[in-house]
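The structure appears right after this line, and notes come after that.
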Amino acid sequence: MNNLRSLDNDNLASPQNLMNHFAAELEERFIRYVQVETTSDENSPSSPSTAKQFDLLRLLANELRALGASEIELTETGCVYATVPATAGYEDKPVVAFCAHVDTSPAFSGKGVKPLVHRNYDGSPLVLPDDPSQVIDPAEFSYLGEKVGDDIVTASGTTLLGADDKAGVAIMMVLANHLLNESEVAHGKVRLLFTPDEEIGRGVVNVDLQKLAADVGYTLDGSNLGEVTYESFSADKAVIKITGVSSHPGYSKGV
1242 MNNLRSLDND
1252 NLASPQNLMN
1262 HFAAELEERF
1272 IRYVQVETTS
1282 DENSPSSPST
1292 AKQFDLLRLL
1302 ANELRALGAS
1312 EIELTETGCV
1322 YATVPATAGY
1332 EDKPVVAFCA
1342 HVDTSPAFSG
1352 KGVKPLVHRN
1362 YDGSPLVLPD
1372 DPSQVIDPAE
1382 FSYLGEKVGD
1392 DIVTASGTTL
1402 LGADDKAGVA
1412 IMMVLANHLL
1422 NESEVAHGKV
1432 RLLFTPDEEI
1442 GRGVVNVDLQ
1452 KLAADVGYTL
1462 DGSNLGEVTY
1472 ESFSADKAVI
1482 KITGVSSHPG
1492 YSKGV
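The opening position of the sequence shown corresponds to residue 1242 in the working numbering, with each subsequent residue numbered one higher.
Written out as structure tokens, the structure reads:
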């Protein structure tokens, strides 16, 4: 608790200091969450597209309840809403929402994930033991080269790790625990939202923005520490059916 006061009161809460301070809880939560299989399925019309996503969604709802969050709801379409109440006297401040998705990409297996923690990373290529042909090399992934001395978590080589987006999920849960049970920082109401099926383009299809009731929102689904993406592309998918007559292009005028 004294360390938390120091972080709060001495304005030492830089991204790196906060990550270091909460490293143990972040690692524990992240490693547990990635071992819950939550692969989505683009060929399934249901929401969520796979029932196994509910395994993690239910776990998060129960853990939020144990932490003391309020207004916890798990919808039938796989969204978890929860609230960290405002500090007394700050109820009129803007409501901030944080969002992360629980599903992992169907492009590769998310079953039987074996997370490996590489302590005090030395900067060399990381060879994944269950498939030694899978090598994470800082020569290819330059950001890894900036993490010498840090602990690195990888999969074992035959599955996805699921850091996209269970890293964001873990961060949100640590934030909830900190604000509800440890922090002395005054804050307005905070809303938490966990969604399914982001990897197949349906992440916010069933999100009720009126229920979320936030003035501003941040999605924790990025990359570099301390980086904020404030603008991104927008895409629409369309199927175009053209009805016509087959004809050689050299003679097709007027056909």
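C-beta atoms are modelled at their ideal positions from N, C-alpha and C, and glycine is treated no differently.
Every value quoted in this text rests on a predicted model; they were computed, and no experiment measured them.
Query, Result
"Every unbroken beta strand (DSSP E) inside the stretch 1328-1357 [3 residues or more]", "1337-1342"
"Unbroken stretches of the alpha helix (DSSP H), 4 residues or longer, contained in the stretch 1249-1303", "1256-1262 and 1264-1275"
"For H1428, three-class secondary structure by DSSP", "coil"
"G1458 and Y1331 closer than 7 Å at C-beta", "no"
"Beta-carbon spacing of D1406, H1342 below 7 Å", "yes"
"Run of the alpha helix (DSSP H) containing I1412, from where it starts to where it stops", "A1404 to N1422"
"Inter-residue Cα distance where the pair is L1267 and S1475", "32 Å"
"Contact the stretch 1461-1473 vs the stretch 1401-1415: 3+ CB pairs below 8 Å", "yes"
"Outcome for L1301 when other beta-carbon atoms lying within 10 angstroms are tallied against a minimum of 16", "buried"
"As assigned by DSSP and simplified to three states, the class of L1466", "coil"
"Chain-order list of residues whose beta-carbon lies under 7 Å from that of V1368 (same chain, five-residue window excluded)", "V1376"
"Opening and closing residue of the beta strand (DSSP E) in which L1315 lies", "S1311 to L1315"
"Per DSSP, cross-strand counterpart(s) of F1474", "F1474 is not bridged to any residue."
"P1379 at chain B interface by Cβ criterion, 7 Å", "Judged by its chain identifiers, the structure shown contains no chain B, having just a single protein chain."
"Straight-line Cα distance separating P1356 from S1285", "28 Å"
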